[in-house]
Structure formats: structure tokens, C-alpha cells
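A.B. asks:
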């Protein structure tokens with residue numbers, strides 16, 4: 001008899017002891033936080049939330065857009081630089097749709113130079129500012145509307161909505177994804193953030209959605225790192241598939257000798273290809289340089305010929321004039 005394949009989410013989840021795991025992660029996170037953690041809105045004026053909520057929402061969304069593949073400290077720095085730089089140049093509210101649209105693209109890139117993909121993010125910020133300005137300076141508060149904005153992904157939109165007070169899903173980044181895979185909170189087929197999020201949202205009760213992102217991100221940054229996790233200081237290691245099973249699916253499989261040899265051969269082949277390309281480029285450059293030299297030499301020869309012709313022509317005209325002069329002199333003497 002062939003074994004039944006377990007594909008139903010109800011058969012796999014919720015995992016046993018998941019509440020204990022979450023409780024222990026909470027305890028660890030309290031000891032990990034020695035100073036106030038930087039968040040997306042940490043560099044934004046808190047008074048704006050009550051005095052000008054729409055501007056605060058705009059700045060939160062802008063900060064979320066800058067945070068993609070960038071450290072929290074650098075995101076906070078870029079947000080602050082934008083607020084200060086735009087206020088100095090254009091006055092008014094500083095980091096607002098009107099100022100961003102007035103600001104030239106190069107200046108905007110300079111203000112956010114500390115973040116990754118600064119050029120692309122500057123363009124996205126301008127597009128977002130235009131959309132918000134066209135919408136009577138109101139930032140959308142639904143997931144489908146936020147996803148229509150260029151440069152806003154699902155994780156970004158969920159983080160922004162959570163800040164606005166709407167928990168619409170679990171924002172899953174690389175840290176959350178790695179932790180969830182190692183403790184078997186997602187399926188072995190959930191290899192990326194989108195798949196991991198959909199699985200987590202199917203079985204995790206909604207009241208836990210808000211804290212999972214914050215706790216797992218902190219836990220993943222300090223203890224459960226992608227490379228060289230600190231399993232000795234981890235309190236949930238006995239519930240962890242990665243720690244207890246050497247052949248766990250979340251581990252990167254060790255390559256066989258054949259695979260290693262194959263990789264080496266591929267590297268060598270690529271190196272040879274690159275060398276050939278470099279040689280060809282050098283040969284082409286040399287040919288071009290030779291052709292240019294020949295052309296220059298030809299031009300010089302032509303110039304010399306022309307100069308000689310002009311000189312000879314001028315000499316002929318001079319001799320003719322002298323002859324005429326001598327003839328006139330002779331006539332006068334007669």
C-alpha cells in the first residue's frame with residue numbers, strides 16, 4: 001500500500017506547541033532589546049499623527065518604500081534627510097507630495113543616497129507623490145489601492161497598513177521566512193516570502209498577526225540568522241527542525257563530489273569565455289586604433305600635397321608678375 005501524501009493544510013497545521021514557541025520568542029526578544037528599536041516611523045514627527053494624519057501617512061508610506069533591502073538605521077537617516085532637505089529648499093511641510101514633485105530628480109537621489117537602489121526609489125517616490133496629490137492629498141488605506149502605487153510591494157503595503165491601524169496580513173521578509181521554515185511553521189514547498197505568508201495567514205489566528213512580524217524579524221536578526229545561527233543561546237531549539245534534524249528541508253543540502261566538479265568545470269568554462277571576449281575586444285580596439293592612425297596619416301599627406309600645390313601656384317603667379325614688370329620697364333626705356 002502506498003502512503004498518502006499530506007498536502008492538506010489542516011493535516012499539517014497548526015504545529016504542536018506553537019504557542020509555547022511564540023511565548024519563548026517573546027521572552028528572548030525582551031532581553032534582546034537593549035535600546036529603542038528603529039522602525040519605519042521612528043524618524044517621523046509623532047505629533048503629525050494627530051495634527052496632520054494624511055501627511056503622517058504619506059511620510060510612513062515613503063519611509064516604507066525607502067526601507068526595501070536597506071538597514072533600519074539607513075532608512076531612518078534617509079527619511080530625516082528628506083524632511084530637512086525639502087523643508088530648506090521649498091519650505092512648507094517638507095517631506096510632502098508638493099515638495100517631492102518640485103524637487104529635481106538628482107537632488108532627490110542625493111538626499112536618499114544612503115539607501116539601496118536610490119535612483120529607482122527616487123522615481124517611485126515621485127510617482128507616489130503624484131498619485132497622492134491627484135487624490136486630494138489622501139493616502140489610500142486599502143491593500144489593492146496601495147499595491148497599484150509603483151514601488152510598493154505586498155510586504156511594504158502590509159507594514160504601512162499596520163502603522164495606519166489596519167492589520168490586513170502578516171508582513172513576511174527574509175528573516176520571518178527563514179525562522180518560519182526552521183521551526184516548521186510553513187510547508188517545505190514554501191521557499192519564498194509570498195508562499196510563506198499565505199501559509200501563515202491560513203492557520204495563525206488574526207490576533208497574533210501583528211506581533212509575529214516584529215518578534216520574528218528581531219529574533220532572525222540577532223539569534224536565528226540566515227548564516228551561522230546562534231542555536232546555543234536559543235530557547236526554542238528543542239522545537240526547531242533545523243537544530244534537531246541534520247537533513248531538515250530548511251537546510252541547504254551538501255553538494256556531492258560530482259556536483260562540485262561540475263561547478264568547477266562550469267567556472268573554468270566561464271573564465272575561458274571571458275578571456276576570449278577580452279581578447280576579441282582588445283583585437284578590435286587595436287584594429288580601430290590602426291585604422292585611425294592610417295586615416296590621420298592620409299589626411300596629413302593630403303594636406304601636404306595641397307600646401308605644395310598652393311605654394312607652386314603662388315610661385316608661378318609671382319614669376320608671371322615679375323616678367324610683366326620687366327617688360328613694362330623695357331618699354332619705358334625705349
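Numbering (the UniProt record's numbering), first residue to last: 1 to 334. Backbone N, C-alpha and C fix where the C-beta goes; we use that ideal spot for every residue, glycine too.
#1: Between which residues of its own chain and residue 59 is the CB-CB distance below 6 Å, once the five residues before and five after are set aside?
#2: Where do the ends of the alpha helix (DSSP H) carrying residue 219 lie?
#3: Name the residue from 147, 109, 198 whose alpha carbon lies nearest to the alpha carbon of residue 13.
#4: In chain order, which alpha helix (DSSP H) runs of at least 4 residues are fully inside the UniProt domain "HhH-GPD" (66-222)?
#5: Between residue 223 and residue 240, is the Cβ-Cβ spacing less than 7 Å?
#6: Hey, residue 212 and residue 21 are a contact pair by Cβ (cut 8 Å); roughly how many whole angstroms apart?
#7: Can you give the beta carbon distance from residue 249 to residue 15, rounded, assuming they're within the 8 Å contact cut?
#8: Figure out for me which residue from 201, 179, 180 has the closest Cα to the Cα of residue 169.
#9: Specify the secondary structure class of residue 275 as computed by DSSP and reduced to three states.
#10: Look at residue 160 and residue 64 and say whether their C-beta atoms are less than 7 Å apart.
#11: Where does residue 13 fall in DSSP's three states?
#12: Cβ atoms of residue 57 and residue 139: under 7 Å apart, would you say?
#13: Check this for me: beta carbons of residue 151 and residue 124, under 7 Å apart or not?
#14: Helix or strand or just coil, what does DSSP make of residue 44?
#15: Do you know how far the Cα of residue 101 is from the Cα of residue 110?
C.D. replies: Reading from the atomic positions:
#1: Taken in chain order, the residues that qualify are 44, 95.
#2: Residues 209-222.
#3: If you compare the alpha carbons of 147, 109, 198 with that of residue 13, the shortest gap goes to 198.
#4: List check, alpha helix (DSSP H) in window: 72-90, 97-102, 105-111, 118-134, 143-147, 154-164, 174-182, 193-203, 209-222.
#5: Between residue 223 and residue 240, the C-beta gap is not smaller than 7 Å, which leaves the two residues out of contact.
#6: Between residue 21 and residue 212 the Cβ distance is about 11 Å, and since that is not below 8 Å, they are no contact.
#7: The C-beta separation of residue 249 from residue 15 comes to about 14 Å, leaving the pair out of contact by the 8 Å criterion.
#8: Looking only at 201, 179, 180, the smallest Cα-Cα distance to residue 169 is reached by 201.
#9: DSSP places residue 275 in the helix class (H, G or I) of the three-state scheme.
#10: Residue 160 is a Cβ neighbour of residue 64, given a cutoff of 7 Å.
#11: Under the three-state reduction of DSSP output, residue 13 falls in the coil class, being neither helix nor strand.
#12: In contact: residue 139 and residue 57 (Cβ atoms closer than 7 Å).
#13: Their beta carbons are under 7 Å apart, which means residue 151 touches residue 124 by this criterion.
#14: Judged by DSSP in its simplified three-state form, residue 44 adopts coil rather than helix or strand.
#15: Distance between the alpha carbons of residue 110 and residue 101: 15 Å.
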